[in-house]
Structure formats: structure tokens, C-alpha cells
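Right, one structure below, let's go through it.
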DNA sequence: ACAAAAGTGTTCCGGTTACACCCATGA
DNA sequence: TCATGGGTGTAACCGGAACACTTTTGT
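Chains as they are written, first to last, in full-length UniProt numbering: chain E, 1 to 238; chain B, 1 to 238.
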């Protein structure tokens, strides 16, 4: 065996997006403990020897939120040989996994979560939402992963518009959907035309319920009907 | 260290597409040798201990074709624990790498090549084009990888139309481009309208040269101007 | 002359865009 | 009564789809 072939550990890191009440994209970060210090990072784990990566990501998401069957999407393998050469990172891995790890490859996943959903982590003591533009410096190449995940979530919504509803409450107004879509697609759309278009889709179902306590005409709540959507599969933008 | 974390080799496999003169998508496959028997497979390699995956894929492509700087795109990590449990596959790995490998994770890449380009492999004795619909049973999960690569190449062209020209000769007719596009996008487009649209793009440059020896009106040759394209970046389909 | 494909022109249609206008509600 | 946003209507516009027509070349 040529000694210069990689023989390594492989991990999974998950970027979980949420959409807050101030119309900002957020991501979930967890706390890691190094000596007595705390540092935040992306949730992740080494994969098990009998696990597929998708299963591993599903496990990480469950350990993170307590939710089973979250939508998820693998988007990139990060394998820069120097992605884990920071001393603190190596030290943390030594402590966390009780073994010296000199190089580590990670497979990054995207996931989506309603921001009001109760987070019930079975693994982490501290799990918090961070607005995407307020994410501090993170260990390893986690900042890079997050940056690329933003490109990926936009692409994902182009491919499958329906996943956008994973970020909204079950009942939502068209304005909420508009603001989420705007936060993701960045190109301007007239809200009136957006409204007309969205409400013309048969998988956007109007409810007999409107907003309360708003200082203007109350907006109607709608829900997303996934079954109808699957039959038609209309893209928002052709 | 918990013993149930994966500690493994990581490889790269490349699906290289070409477009033949009968308007079929082809892929490059190589021969592997097991005992005295030959078997064809996707080109690939374990990654080196100081290599990033992208670099590794670039190296595999160079060893395969002799071409430097081929376009490439990582598209998925395949890590099913049972993707390498076939006895022949294990035996082959034992011989190829002189070491027993019980599990292997691979990162799959897409690449594109003009089918008339000379193939000058520095590693493989036998490298051949296979029409996509005539690919035989391959070892590991290579058939699965190829299947998913087809979905991916279509997506890639949606995102960046210009990469389609990697599959065409430098001089091409609009009909050639039409047939390639049809092979990839599968939805019918009227060739007249396609012609009109394509020739309206300023990055599709008409040449002072037309077909010869055709039994109908000779078509004009065009070339693709990447610089102009980069400035405008028009998508074929909005 | 005919076949086959290049290349151009024209019409039609549907969806997007840009608004104007009215409605409902709280302050 | 005013400000704010909900919700509807309409007309202009633009790009794609369909297809007719002319051109060019080999057989």
C-alpha cells in the first residue's frame, strides 16, 4: 500500500436554515466546549462505520432538534487538507473523539426548519438561531460552508419551490411568503403581482382565517397543499 | 475513541461526457484487470493524503485523458456502506492498492470532453467511449453514479449554458448544438425558433465557413465566444 | 425537378410588468 | 380621516410557439 493515500475520518456538517420574524434568514449553531472555553460551530458528527452519509446527516439533525424526517440535501464535500490545521480545532477533536485526528473530510448538508419549532436536542446543551449576517468566526471552514450553503439554498428553491414552505409556519400570509422569497431570490418582484400569481396556484389554499391586531386591513392566511403540488409541480418562475 | 466511527479511504470517480456523431451522449470508461480478467469501470483513484478532492479529480482526469484543466464539477458523495461488498470489487481493491480495504467512500465528479479530442492516458491502457444507453454492468455502484450524473449534467447546463460548448467541436453548426441540447433537455423545441434565438446571441459568432459535401443547403459554422458570454451571461431559457 | 435542411419573416398567444383603484382596519 | 397594507382589475409589453415561405445544394 502506498503510504500517501488518505486514510481518514469522514464527518457530516449540517447548515439548518430558519426564517425569523424580522424577515431574516437564520442558521442553527451549537456550542462546543474546549477546556473551559465555549465556542460555537455548525452541528455535525463523524459518521459511523455502518452508516451512509445521508443517514448520518439525518441522525445529526435528530440529535440537534429532536425532529425526525427533516428535509435535507447533501450539497458538497469539503476536503481541503488544511481545513483542520488550527490548533484549537485539533485539540477539540482530540478531546471530543478521544483520538488524534490529523485530517478530516466533511460532507455538508442543507436543511430547513420552521423557526418557531421547539428545539429538543438530545446531544447539545446549547442550540441557537443566528441571523445569517451576524454569524461570528467559526472553527474549521464552517464560515466557508455557510457561505456556500446560501448559494445552494437558492438553487434548491429554483429546483423545488415547495421546500420554501418548510421555512414558513403552517398558516402564513402571502406577504410572509413574499418576504421569504425576496430574502432568498434577491431580485425585486412587485408584491401585487406576486400576490396575484401565488393565489392563482391551486396548491396555495386560502383558509377561513385572517390576521388580528394589525394596523391595516388583515391579510388572509393560506396553507400549502403538498399533494396538489406534487400533481402539478409548477415552478414559480418558468 | 469509539471504535464505531468510520476510518476509511476516500476515492474520486469521474463521469466524463462526450457527444458523438450520431447525436448520442457517451461516457469514458476504463479497463481494470482482475487476475487475468478485464472489467470496465469508471476512472477514479484514492485521494492522496495531501490532496483536496477537487485536485484529486483534476489529477484523475489528467491521468485519464492527458488533458489539463478540463471543466469539472463535484456532484455527490456516495457512501453506502455496502457499495463495495462485492467479492470481485474487494479483491480488485486488494490487488490495486496492495492493502485490504473494507469500506470506501467516493466523491463523484462530472466532466466534459470533445469526443474527437485525442485521449492520451498516462495511467490506463484502455480508455473507450460508450454510448450512455449501452453502458454494461459496472463494478461498485458505478451504474448508479452514472445514472445520477445524467440528472446532474442537465442541471449544470441550466445553471451555466456555456459549458455545453465543451462537448461540441470548436466550429459547429446550429443543428449540432440543437441536437446536443435536445439530447440533454429532452423537451421538444422547434429547430427554426432555436436557430433564430441562438443566432441572435452575440456570443455565438458566425464564421465565414459552411459545411461541404452535404446533400442539402450547407449550414454555416459558428464558434462560441466565452469572453462575450461572461459579460452578458444570458441564460438560454429564462 | 425533387428532397432536405438552412435561414428569415410573420402572426398569435400567454404570461409578466406596471400601474390604478377600491377595501379593511387601527390609530 | 389618514396611513398602511390587502386584494382586484386592466392595459401595455415581450418572448416563445407555430408555421409559412424562400434559399441553397446534391442527387
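Yeah, the Cβ is synthetic: ideal placement off N, Cα and C, and Gly gets one too.
Problem - residue 180(E) burial status per 10 Å Cβ neighbour count (16 or more: buried) - result: buried
Problem - Any chain B beta carbon closer than 8 Å to residue 14(E) - result: no
Problem - Minimum Cβ-Cβ distance from residue 226(E) to chain B less than 8 Å - result: no
Exercise for the section: Please say whether residue 142(B) and residue 227(B) have beta carbons closer to each other than 8 Å? Expected result: no
Exercise for the section: Would you list the one or two residues that DSSP bridges to residue 31(E)? Expected result: 40(E)
Problem - residue 238(B) in three-state terms, based on DSSP - result: Its pLDDT being 44, under 50, residue 238(B) is placed unreliably in this model, and the value from its coordinates should be taken loosely. Coil at residue 238(B), not helix or strand.
Problem - Partner residues on chain B for residue 153(E), Cβ-Cβ distance less than 9 Å - result: Under the 9 Å cutoff, chain B gives no residues; its nearest Cβ is about 14 Å from residue 153(E).
Handout entry: CB contact below 8 Å: residue 103(B) versus chain E
Key = yes
Exercise for the section: Please list, in chain order, all residues of the same chain as residue 149(B) whose beta carbon is under 6 Å from its beta carbon, the five residues on each side excluded. Expected result: 15, 110
Problem - Residue of 65(B), 45(B), 52(B), 77(B) minimising C-alpha distance to residue 57(E) - result: 77(B)
Problem - Simplified DSSP state of residue 151(B), which is helix, strand or coil - result: helix
Practice task
Spell out whether any CB of chain B is found under 8 Å from the CB atom of residue 81(E).
Solution key: yes
Exercise for the section: State yes or no: is the C-beta of residue 60(E) nearer than 7 Å to some heavy atom of the ligand GDP? Expected result: Looking for the ligand GDP in the displayed structure turns up nothing, as the structure carries no ligands at all.
Practice task
Please decide whether residue 142(B) counts as near chain E, where near means a Cβ-Cβ distance under 8 Å.
Solution key: no
Handout entry: As assigned by DSSP and simplified to three states, the class of residue 228(B)
Key = helix
Handout entry: Rounded separation between residue 39(E) and residue 31(E) - CA only
Key = 5 Å
Practice task
Answer yes or no: does any C-beta atom of chain B fall closer than 8 Å to that of residue 51(E)?
Solution key: yes
Exercise for the section: In the DSSP assignment, find the unbroken beta strand (DSSP E) run with residue 108(B) in it and report its ends. Expected result: 104-112
Problem - Beta carbon of residue 115(E) nearer than 8 Å to that of residue 129(E) - result: yes
Exercise for the section: State yes or no: is the C-beta of residue 121(E) within less than 8 Å of the C-beta of residue 5(B)? Expected result: no
Problem - Three-state secondary structure (DSSP) of residue 73(B) - result: strand
Practice task
Give the straight-line distance between the Cα atoms of residue 20(E) and residue 26(E), rounded to the nearest whole angstrom.
Solution key: 7 Å
Exercise for the section: Output the boundary residues of the alpha helix (DSSP H) element that contains residue 193(E). Expected result: 191-200
Practice task
Can you pull the chain E residues whose beta carbon is under 8 Å from the beta carbon of residue 46(B), in chain order?
Solution key: 5, 6
Problem - Minimum Cβ-Cβ distance from residue 181(E) to chain B less than 8 Å - result: no
Problem - Identity of the residues DSSP links to residue 66(E) by a beta bridge - result: For residue 66(E), which the question treats as bridged, DSSP gives no partner whatsoever.
Problem - chain B residues whose Cβ lies nearer than 9 Å to that of residue 73(E) - result: Here the premise fails: no neighbours, minimum Cβ distance about 11 Å.
Practice task
Could you give the DSSP three-state label for residue 214(B): helix, strand or coil?
Solution key: coil
Exercise for the section: Taking a Cβ distance cut-off of 8 Å, strictly less, list which residues of the region 29-45 of chain B are near chain E, in chain order. Expected result: none
Practice task
Give the interface partners of residue 76(B) over in chain E, defined as CB-CB distance under 8 Å, in chain order.
Solution key: 74
Handout entry: Inter-residue Cα distance where the pair is residue 195(B) and residue 71(E)
Key = 41 Å
Problem - Proximity to residue 139(B) [Cα-Cα], best of 119(B), 160(B), 33(B), 18(B) - result: 33(B)
Exercise for the section: Return the residue from the list 163(B), 83(B), 98(B) that minimises the CA-CA distance to residue 317(B). Expected result: Because chain B in this structure spans residues 1 to 238, residue 317(B) falls outside the shown range and cannot be described.
Exercise for the section: Note down, in chain order, every chain B residue with its Cβ under 8 Å from the Cβ of residue 10(E). Expected result: 6, 8, 10, 79, 105
Problem - Closest residue to residue 137(B) among 24(B), 9(B), 23(B), 29(B) (Cα-Cα distance) - result: 29(B)
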